[in-house]
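Undergrad: Could you have a look at this structure, given as structure tokens, before my questions?
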Amino acid sequence: MSSPPQSPDSKDEESRHLLTTQLPPSTSPLINGDADNAANGKEEEEFAYGSGEKIHVVDFESVPIDGVDYSTVPPFSWKKLWQFTGPGFLMSIAFLDPGNLEGDLQAGAIAGYSLLWLLLWATVMGLMIQLLSARIGVATGRHLAELCREEYPKWAGVLLWFMAELALIGADIQEVIGSAIAIKILSRGVIPLWGGVLVTASDCFLLLVLENYGIRKLEAVFAVLISTMALSFAWMFGDAKPSGKELLAGLLIPKLSSRTVRQAVGVVGCVIMPHNVFLHSALVQSREIDLKKKGQVQEALNYYSIESSFALLVSFMINLFVTTVFAKGFYGSEKASSLGLVNAGEFLQDKYGGGLFPILYIWGIGLLAAGQSSTITGTYAGQFIMGGFLDLRLKKWLRALITRSCAILPTIVVALIFNRSESSLDVLNEWLNVLQSIQIPFALIPLLTLVSKEDLMGTFKIGPTLERVAWTVAVLVMVINGYLLLDFFISEVNGLLFAFLVCAGTAGYIAFILYLISHGGGNVVNWFNLLRKKGYSYAGQ
1 MSSPPQSPDS KDEESRHLLT TQLPPSTSPL INGDADNAAN GKEEEEFAYG
51 SGEKIHVVDF ESVPIDGVDY STVPPFSWKK LWQFTGPGFL MSIAFLDPGN
101 LEGDLQAGAI AGYSLLWLLL WATVMGLMIQ LLSARIGVAT GRHLAELCRE
151 EYPKWAGVLL WFMAELALIG ADIQEVIGSA IAIKILSRGV IPLWGGVLVT
201 ASDCFLLLVL ENYGIRKLEA VFAVLISTMA LSFAWMFGDA KPSGKELLAG
251 LLIPKLSSRT VRQAVGVVGC VIMPHNVFLH SALVQSREID LKKKGQVQEA
301 LNYYSIESSF ALLVSFMINL FVTTVFAKGF YGSEKASSLG LVNAGEFLQD
351 KYGGGLFPIL YIWGIGLLAA GQSSTITGTY AGQFIMGGFL DLRLKKWLRA
401 LITRSCAILP TIVVALIFNR SESSLDVLNE WLNVLQSIQI PFALIPLLTL
451 VSKEDLMGTF KIGPTLERVA WTVAVLVMVI NGYLLLDFFI SEVNGLLFAF
501 LVCAGTAGYI AFILYLISHG GGNVVNWFNL LRKKGYSYAG Q
């Protein structure tokens, strides 16, 4: 017997009810009082990707089929792995930006092959953090910036957004100036540094053009850029012919001396980029995944883990090429302590000569690919950070333009001021490294807090063992960066007033970190309390 016809009003009410129950409570536009916008199709502005932008994965049925168990994970499929390949390579760009390359060349020139083992394990630590970022994005259907806005009070959310923007601007300045240096090298000095900055600024519009053709086209462009870096630096590796025996010893035998501590800290500090933690949690949402089907979610996590691991293996090899080239050419030389991005190409040319294709231009091509790719991902990350924390409903082109302007305007000023000498750019780079190091806790602590919450993650929350390992890695990274900050301020802080301001700022900084840890509650607070009690008991004895 057929049911009586429904009125238009009742149909609208039923569709609203269905939409509200299907979306996560905090992301439903109807719950947020935006029914009108939802009806007009504007709710997609709240998400990392609109429904029409996501990639449909083969064998992921949008409509449940009777008799199919969606709680189990299907067998491995190469075709599915290919469809999930992309976000990990975009994430890996942050491990290859000009700031990282400068850290690589300085580590090689000053420490030789001795820090290769640390580069390997730092990459492994970075992989673990990025997998947790992907996990929270896949399991919740929301990215980290959105979740922070919902988890913390408004004042804390705004402060976290401000810190994330500072870290992004600091990284972007390094990336844009790296691209500008490469353009200056490839143009034989015709285009000055500030001109290269303006050329690099156009990547914002390139990103917008690529987005119109779909996420797969954007991922293909990044694959080309990463391949360009790999070929360029592999060519340099072949020209330099480093010692295979010393290379293996550097990878397998941990070695650290007081003379190379600063380079070691730099190697670890470059691995965790705050904006990259936010970015990866959004990138993984570019594939269609039904959050109600646990098997689908777990399958997506498995494929993302495989492709992210392979992407960071590629990035590790590229960093290895750069480190060993400079270790072979400049370790123990008088030039070692004065090497930087600005003069690295000239030093390489003097050391290895022209050859079939001058190594100066090979270095310039690789550096340009690194700078250009990282500035585009910086623009991409800025959209998610600003939109997620501030809940802005702006068109993507406007959001990208605002994000790009926030970085380009200070970068042009910096390029004009610091273009006087190589030493001034080195000083700028040190300050920018400090700026980014300061922001690391404000990405790691919210990530580890949220990925451990059962009411948010459900069955996909991390277990106690993994949680403890993750917090150990996070604390280790923060302590290492704290050493870098302490060493930097001891050498740079002069004057009573400046020292007072630094001390006051440090007190507020530590207080906010303690607030974020205590806000999370759970096992980590219990572990800290246990450690504190043990410390008191030892002191009493």
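Numbering (UniProt numbering), first residue to last: 1 to 541.
Think of the CB as a built atom: it goes at the ideal place given N, C-alpha and C, for glycine as much as any other residue.
(1) Go through the region 433-481 residue by residue and report every complete run of the alpha helix (DSSP H) that reaches 4 residues or more, in order.
(2) Identify which residue in 146, 360 and 310 has its Cα closest to the Cα of residue 181.
(3) Any chance the region 297-308 sits against the region 81-89, with 3 or more Cβ pairs inside 8 Å?
(4) Verify whether the separation of the beta carbon atoms of residue 264 and residue 256 is less than 8 Å.
(5) On a CA-only basis, which of 104, 518, 56 and 467 is nearest residue 268? Give me that one, please.
(6) Would you kindly work out how many angstroms separate the C-alpha atoms of residue 335 and residue 499, rounded to a whole number?
(7) I need the straight-line Cα distance from residue 96 to residue 185, nearest angstrom please.
(8) CB residue 53 to CB residue 215, shorter than 8 Å?
(9) Going by DSSP, name the residue or residues bridged to residue 272.
(10) What number of angstroms, rounded off, separates the C-alpha of residue 220 from the C-alpha of residue 102?
(11) Tell me which residue opens and which closes the alpha helix (DSSP H) that residue 299 is part of.
(12) Look at the alpha carbon of residue 509 and the alpha carbon of residue 124, and state the distance between them as a whole number of angstroms.
(13) Can at least three beta-carbon pairs, one atom from the region 315-322 and one from the region 148-168, be found at a separation below 8 Å?
(14) Taking a contact to mean a Cβ-Cβ separation below 8 Å, would you say residue 192 touches residue 367 in this structure?
(15) Can you confirm whether the region 143-154 touches the region 442-453 when touching is taken to mean that 3 or more C-beta pairs between the two stretches lie within less than 8 Å?
(16) Pull up the CB-CB distance for residue 405 and residue 93, whole angstroms please, since I reckon it's below 8 Å.
(17) Note down the Cα distance separating residue 137 from residue 273, rounded to an integer number of angstroms.
(18) With burial defined as no fewer than 16 other Cβ atoms inside 10 Å of the residue's Cβ, what is the status of residue 379: buried or exposed?
(19) In its own chain, which residues sit with a C-beta less than 7 Å from the C-beta of residue 227, not counting the 5 before and 5 after it?
(20) Beta carbon of residue 339, beta carbon of residue 109: below 8 Å?
(21) For the region 126-155, list the alpha helix (DSSP H) runs that are entirely contained and at least 4 residues long, ordered along the chain.
(22) Mind checking who residue 399 pairs with in its DSSP beta bridge?
(23) Taking C-beta to C-beta, are residue 233 and residue 321 nearer than 8 Å?
(24) On the criterion of 16 or more Cβ atoms from any shown chain inside 10 Å, does residue 330 qualify as buried, or is it exposed?
(25) Can you list, in chain order, the residues of its chain whose CB lies under 8 Å from that of residue 484, leaving out five sequence neighbours each side?
(26) Take the Cβ of residue 352 as the centre, count every other Cβ of all protein chains shown within 10 Å, and call the residue buried at 16 or more, exposed below.
(27) Tell me, to the nearest whole angstrom, how far the beta carbon of residue 287 is from that of residue 57; I am working on the premise that it is less than 8 Å.
(28) Taking only three categories from DSSP, how would you classify residue 188?
(29) For residue 570, which residues from the same chain have a beta carbon less than 7 Å from its beta carbon, with the 5 sequence-adjacent residues on both sides left out?
(30) Does DSSP put residue 287 in a helix, in a strand, or in coil?
(31) When you compare only the Cα positions, how much space is there between residue 73 and residue 141?
(32) So who's on the other strand from residue 55, going by DSSP bridges?
(33) Rounded to a whole number of angstroms, what is the C-alpha to C-alpha distance between residue 464 and residue 200?
(34) Buried or exposed: which applies to residue 80, given that a residue is buried once 16 or more other Cβ atoms fall within 10 Å of its Cβ?
(35) So the alpha helix (DSSP H) residue 376 belongs to, where does it begin and stop?
TA: From the atom records:
(1) 441-450 and 454-457
(2) Position 181 of the sequence shown, counting from 1, holds the residue named residue 181. Comparing Cα positions, the closest option is 360.
(3) yes
(4) Locating residue 264 in the sequence shown gives position 264, counting from the first residue. Locating residue 256 in the sequence shown gives position 256, counting from the first residue. Yes, the Cβ-Cβ distance between residue 264 and residue 256 is below 8 Å.
(5) As a working mapping, residue 268 is identified with position 268 in the sequence shown. Checked all of 104, 518, 56 and 467; the closest Cα to residue 268 is 104.
(6) Here the question's residue 335 lines up with position 335 in the sequence shown. Here the question's residue 499 lines up with position 499 in the sequence shown. Roughly 33 Å between the two C-alpha positions.
(7) Along the sequence shown, read from residue 1 onward, the residue named residue 96 stands at position 96. Along the sequence shown, read from residue 1 onward, the residue named residue 185 stands at position 185. Rounded to the nearest angstrom, the two C-alpha atoms are 19 Å apart.
(8) Translated into the one-based positions of the sequence shown, residue 53 becomes position 53. Translated into the one-based positions of the sequence shown, residue 215 becomes position 215. Yes, they are a contact pair.
(9) In the sequence shown, counting from the first residue as 1, residue 272 sits at position 272. None; residue 272 has no bridge partner.
(10) Walking along the sequence shown from the start, residue 220 turns up at place 220. Walking along the sequence shown from the start, residue 102 turns up at place 102. About 26 Å.
(11) As a working mapping, residue 299 is identified with position 299 in the sequence shown. First-last of the alpha helix (DSSP H) with residue 299: 294-330.
(12) Locating residue 509 in the sequence shown gives position 509, where the first residue counts as 1. Locating residue 124 in the sequence shown gives position 124, where the first residue counts as 1. Taking the straight line joining both Cα atoms gives about 28 Å.
(13) no
(14) Residue numbering aside, residue 192 sits at position 192 when the sequence shown is read from its first letter. Residue numbering aside, residue 367 sits at position 367 when the sequence shown is read from its first letter. In this structure, residue 192 sits away from residue 367, with a CB-CB distance that is not shorter than 8 Å.
(15) yes
(16) In the sequence shown, the residue the question calls residue 405 occupies position 405. In the sequence shown, the residue the question calls residue 93 occupies position 93. Going by Cβ atoms, the distance from residue 405 to residue 93 rounds to 21 Å, so no, they are not a contact pair.
(17) As a first step, residue 137 must be located in the sequence shown, where it is residue number 137. As a first step, residue 273 must be located in the sequence shown, where it is residue number 273. One C-alpha to the other measures close to 17 Å.
(18) One-based indexing of the sequence shown puts residue 379 at position 379. By the 10 Å Cβ count, residue 379 comes out buried.
(19) For this step, residue 227 is matched to residue 227 along the sequence shown. If we look at residue 227 and ignore the five residues flanking it on each side, it has no Cβ neighbours.
(20) Reading the sequence shown from its first residue, position 339 is the one you call residue 339. Reading the sequence shown from its first residue, position 109 is the one you call residue 109. Contact flag set, yes.
(21) If one requires a minimum length of 4 residues, the alpha helix (DSSP H) runs lying completely within the region 126-155 are 144-151, in chain order.
(22) Along the sequence shown, one-based indexing puts residue 399 at 399. In DSSP, residue 399 forms no bridge with anything.
(23) The residue given as residue 233 occupies position 233 in the sequence shown. The residue given as residue 321 occupies position 321 in the sequence shown. Their beta carbons are under 8 Å apart, which means residue 233 touches residue 321 by this criterion.
(24) Here residue 330 refers to the residue found at position 330 when the sequence shown is read from its first residue. By the neighbour-count rule (16 or more Cβ atoms within 10 Å), residue 330 is buried.
(25) For this step, residue 484 is matched to residue 484 along the sequence shown. 262, 265, 266, 269, 433, 434 and 437, listed in sequence order.
(26) As a first step, residue 352 is located in the sequence shown; it is residue number 352 there, counting from the start. Residue 352 is buried by the Cβ-count criterion.
(27) In the sequence shown, residue 287 corresponds to position 287, counting from 1. In the sequence shown, residue 57 corresponds to position 57, counting from 1. The pair is a contact, with the Cβ atoms about 6 Å apart (cut-off 8 Å).
(28) Along the sequence shown, one-based indexing puts residue 188 at 188. Here DSSP, grouped into helix, strand and coil, assigns residue 188 to coil.
(29) Nothing in the structure corresponds to residue 570, since the chain is present only between 1 and 541.
(30) In the sequence shown, counting from the first residue as 1, residue 287 sits at position 287. Three-state DSSP puts residue 287 in a strand.
(31) Counting from one through the sequence shown, the residue named residue 73 turns up at place 73. Counting from one through the sequence shown, the residue named residue 141 turns up at place 141. A straight-line Cα-Cα distance of about 19 Å links residue 73 and residue 141.
(32) Translated into the one-based positions of the sequence shown, residue 55 becomes position 55. 287, per the DSSP bridge assignment.
(33) Numbered from 1 along the sequence shown, position 464 holds the residue referred to as residue 464. Numbered from 1 along the sequence shown, position 200 holds the residue referred to as residue 200. Their backbone Cα atoms lie some 45 Å apart in a straight line.
(34) The residue you call residue 80 lines up with position 80 of the sequence shown. Answer is buried; the Cβ neighbour count reaches 16.
(35) On the sequence shown, position 376 is the one that residue 376 refers to. For residue 376, the enclosing alpha helix (DSSP H) starts and ends at 359-390.
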